[in-house]
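Here is the structure we will look at, set down as structure tokens.
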Amino acid sequence: MKFFVDTADVADIADLAATGLLDGVTTNPSLIHKSGRPFLEVVKEICGLVEGPVSAEVVATDYESMLREADVVRALADNVCVKLPLTLDGLKACRKLTSEGTQVNVTLCFSATQALLAAKAGATFISPFVGRHDDVGFDGMQLIDDIRLIYDNYDYETQILVASVRHPVHILEAAKIGADVVTAPPAVLRALARHPLTDRGLELFLADWAKTGQTIA
Ligand code: G3P
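Residue numbers are given in the numbering used here: position 210 of the sequence shown equals residue 193, and the series is strictly consecutive.
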């Protein structure tokens, strides 16, 4: 399973990239706003911090303008992945860009039939938003399950990128279903490594080790 971080904070990205566990980055207009930095500048910097795909979202809503913005974005670095909304114009732009060899992440997916269309349009990634689904009383993970089934039925190569992840259990469930990628905020990725019994066990081992009076050198 690939792990992407969902942020435009370069300090967090650099810190997580140093663990060797980070496979890519996703951003969106809200995260760019939160960073307080110019879009093109911050995306270019992020692309230099990770080898994997860095999703950068266009803000145009019609086909021609999406392609114009995509041209600017994909010129930033080889590992840019153009992020497009799941609309008919977005799907049309997806088909065009992927046929030219550009990676595309189709975002704002809230149904399995939308995900089916994205696969037909040749998307590299489909981003179903599980947290926002849960927020309005639907089961976000059921959506991931349905998309996995449909993609496997037809051998679609589009990767399921579970987005709008709010806690480690979303990642656990996504892994059990066989989603290809999760993107999560930095705090959620760091939380995956933590367990109170690990902390307690380490504390006890170190206390006993100190009693031996030894060092490892
Ligand atoms: O990047 C898209 C997605 O991960 C947004 O998450 O928490 O704003 O629903 P959230």
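Here a beta-carbon is modelled for each residue, glycine too, at the ideal position from N, C-alpha and C.
Per DSSP, residue i forms a beta bridge with which residues?
i, result
"T9", "D(-11) and S38"
"K66", "E40 and N88"
"P111", "C92"
"A167", "V(-12)"
At a threshold of 7 Å, does residue i count as lining ligand 1 (C-beta to nearest heavy atom)?
i, result
"T70", "no"
For residue i, report the span of its alpha helix (DSSP H) as first-last.
i, result
"A158", "P151 to I160"
"L187", "P179 to T195"
"E83", "Looking at the DSSP string, E83 is not in any alpha helix (DSSP H), and its letter there is neither H nor E."
"L59", "Taken as a continuous stretch (DSSP letters only), L59 belongs to no alpha helix (DSSP H), as it is neither H nor E."
"L4", "From DSSP, L4 is part of no alpha helix (DSSP H); its letter is neither H nor E."
"L132", "G123 to Y137"
"I29", "F22 to L32"
Could you check how far apart the C-beta atoms of residue i and residue j are, in whole angstroms? I think they sit under 8 Å.
i, j, result
"V26", "V37", "6 Å"
"G105", "N62", "So it is not a contact: roughly 19 Å between Cβ atoms."
"F108", "T141", "7 Å"
"R115", "S94", "In fact, because the Cβ distance is near 12 Å, the residues do not count as touching under 8 Å."
"V113", "F(-13)", "Contact flag wrong, Cβ pair sits at about 14 Å."
"L67", "T90", "7 Å"
"D64", "A101", "Asp is not the amino acid found at residue 64; the sequence shown has Cys there. That pair is no contact at about 14 Å."
"D6", "P169", "Not a contact, Cβ separation roughly 14 Å."
"A167", "R131", "No, A167 and R131 are not in contact; Cβ-Cβ is about 18 Å, not under 8 Å."
"K79", "L50", "7 Å"
"I133", "A98", "7 Å"
"P151", "L175", "5 Å"
At which residues does the beta strand (DSSP E) containing residue i begin and terminate?
i, result
"Q142", "Q142 to V145"
Residue i CB to nearest chain B CB: under 8 Å?
i, result
"V37", "Of the chains in the structure shown, none is chain B; there is only one protein chain."
For ligand 1, enumerate in chain order all residues having a CB closer than 6 Å to any of its heavy atoms. Look at which beta carbons fall closer than 6 Å to any heavy atom of ligand 1; those residues are D(-11), T9, N11, F112, G114, R115, A146, S147 and T166.
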